[in-house]
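Enquirer:
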Amino acid sequence: MIAQIPVITVVNGEASIEGEQPYTIRDPKTGQAIIVIDTTGSMTSLKDTDAIGLVTKTEAIFKKNAIETRTFTFKEIKKFTLDRDMITDWLAKAKRFVTPVAYPFILLGSFVFRVMQILIYAVLGLILAACCKTRRTYPELIRLSVISVTPGMIIKTVLGIAQISIPVPGLLYFLATMGYLLFGIQSAAAGERASTSAIPPAL
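With this note's numbering, the residue at position 103 of the sequence shown is 132, and numbering never jumps.
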């Protein structure tokens, strides 16, 4: 998206760009209009476009939500130039600052999500155990759920590193986890039956 941004010059509170206008910056993936730049005066409101931002000759207007917009005026700007190199530099500085600050919160959020996921899968394990006509305690199913989600997490990490995408990944990971969980329940039940049958009868 940065590659689409033209050089925007503001002099004495008035913005201008070179080239044909209105100029639209679009989402590279969806083609959706993100920001429209029109310093000619033909567009003065976000009502004139489906974009979430509009840069006119004297102000920048951005849609905050469905009912609220924010307007930033250029009136106090004497001279300023915005280009791709400047935006890239800003993003690089922000990345260096945000990454170490955000990492603990991301890690905590991931941990909480996995804990909730394990607890829910253990409940589903109770249903699977009932279908298999075997009794497993909730703590046992929590341990089996932890083991069951591990293969999916490893595969997801490997595919992410290799930048390989698969269709409906969430559904496939869920089905794989349920398959491992069912296998674990059946294996535990079979092992329990085997150990019971191996016990010699009391004299």
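For each residue, glycine too, the CB sits at the ideal point set by N, CA and C.
#1: Run the CB neighbour count on V141, radius 10 Å, all protein chains shown included, and call it buried at 16 or more, exposed below.
#2: For Y235 versus S174, is the C-beta spacing smaller than 9 Å?
#3: What residue range is occupied by the uninterrupted alpha helix (DSSP H) comprising T186?
#4: Does the beta-carbon distance from D79 to Q50 come in below 9 Å?
#5: Return the first residue and the last residue of the beta strand (DSSP E) that K108 is part of.
#6: By how many angstroms is the C-alpha of T102 removed from the C-alpha of A89?
#7: Give the secondary structure of S45 by DSSP, where H, G and I count as helix, E and B as strand, and everything else as coil.
#8: Which same chain residues end up closer than 8 Å to K124 when comparing Cβ atoms and leaving out the 5 residues on each side of it in sequence?
#9: Measuring CA to CA, which of A32, T85 and I46 is closest to D56?
#10: I need the boundaries of the beta strand (DSSP E) containing E88, first residue and last residue.
#11: Measure the C-alpha to C-alpha separation of I34 and D112 and round it to an integer number of angstroms.
#12: The beta strand (DSSP E) that contains V73, what's its start and end?
#13: Looking only at DSSP bridge pairs, what is V39 linked to?
#14: Which same chain residues end up closer than 6 Å to I54 when comparing Cβ atoms and leaving out the 5 residues on each side of it in sequence?
#15: Can you give me the start and stop residues for the beta strand (DSSP E) that V65 sits inside?
#16: What first and last residue would you give for the beta strand (DSSP E) that runs through R99?
#17: Compute the beta-carbon to beta-carbon distance between F109 and V178, rounded to the nearest angstrom, for a pair I have assumed lies under 8 Å.
#18: Whole angstroms are fine: how far does the CA of M115 sit from the CA of I66?
#19: Helix, strand or coil for R55 per DSSP?
#20: Indicate the three-state DSSP secondary structure (helix, strand or coil) for V197 in the structure shown.
#21: Tell me, please, whether the region 182 to 189 touches the region 151 to 163 by the rule of three or more beta-carbon pairs shorter than 8 Å.
Expert: Short version:
#1: Numbered from its first residue, the sequence shown carries residue 141 at position 112. V141 is exposed by the Cβ-count criterion.
#2: Lying before the first or after the last residue shown, residue 235 is absent from the chain, which here runs from 30 to 232.
#3: For the purposes of this step, residue 186 is taken as the residue at position 157 of the sequence shown. That run of the alpha helix (DSSP H) goes Y167 to A191.
#4: As a working mapping, residue 79 is identified with position 50 in the sequence shown. As a working mapping, residue 50 is identified with position 21 in the sequence shown. No. Outside cutoff.
#5: Position 79 of the sequence shown, counted from the first residue, corresponds to residue 108. From DSSP, the beta strand (DSSP E) with K108 extends over K108 to L111.
#6: Counting from one through the sequence shown, the residue named residue 89 turns up at place 60. Counting from one through the sequence shown, the residue named residue 102 turns up at place 73. Going by the C-alpha atoms only, they are around 6 Å apart.
#7: For the purposes of this step, residue 45 is taken as residue 16 along the sequence shown, with counting starting at 1. Three-state result, S45: strand.
#8: Your numbering for residue 124 matches position 95 in the sequence shown. Correct list: empty, nothing qualifies.
#9: For the purposes of this step, residue 56 is taken as residue 27 along the sequence shown, with counting starting at 1. Ranking A32, T85 and I46 by Cα distance to D56 puts A32 first.
#10: As a first step, residue 88 is located in the sequence shown; it is residue number 59 there, counting from the start. Element bounds for E88: E88 to K92.
#11: Position 5 of the sequence shown, counted from the first residue, corresponds to residue 34. Position 83 of the sequence shown, counted from the first residue, corresponds to residue 112. Taking the straight line joining both Cα atoms gives about 7 Å.
#12: Indexing the sequence shown from 1 puts residue 73 at position 44. The question names Val, but residue 73 is Thr in the sequence shown. It is not in any beta strand (DSSP E) - T73 carries neither H nor E in the DSSP assignment.
#13: Translated into positions along the sequence shown, residue 39 becomes position 10. Beta-bridge pairing links V39 to A44 and F109.
#14: As a working mapping, residue 54 is identified with position 25 in the sequence shown. Cβ within range, chain order: Q33, I63 and I64.
#15: Residue 65 sits at position 36 when you count from the first residue of the sequence shown. Looking at the DSSP string, the run of the beta strand (DSSP E) that includes V65 is A62 to I66.
#16: Translated into positions along the sequence shown, residue 99 becomes position 70. Counting along the chain, the beta strand (DSSP E) containing R99 begins and ends at T98 to T102.
#17: As a first step, residue 109 is located in the sequence shown; it is residue number 80 there, counting from the start. As a first step, residue 178 is located in the sequence shown; it is residue number 149 there, counting from the start. Not a contact, Cβ separation roughly 51 Å.
#18: Residue numbering aside, residue 66 sits at position 37 when the sequence shown is read from its first letter. Residue numbering aside, residue 115 sits at position 86 when the sequence shown is read from its first letter. Each residue's Cα considered, the two are about 18 Å apart.
#19: Here residue 55 is taken as the residue at index 26 of the sequence shown, counted from 1. Of the three classes helix, strand and coil, the one that applies to R55 here is strand, per DSSP.
#20: Position 168 of the sequence shown, counting from 1, holds the residue named residue 197. Note: V197 maps to coil in three-state DSSP.
#21: no
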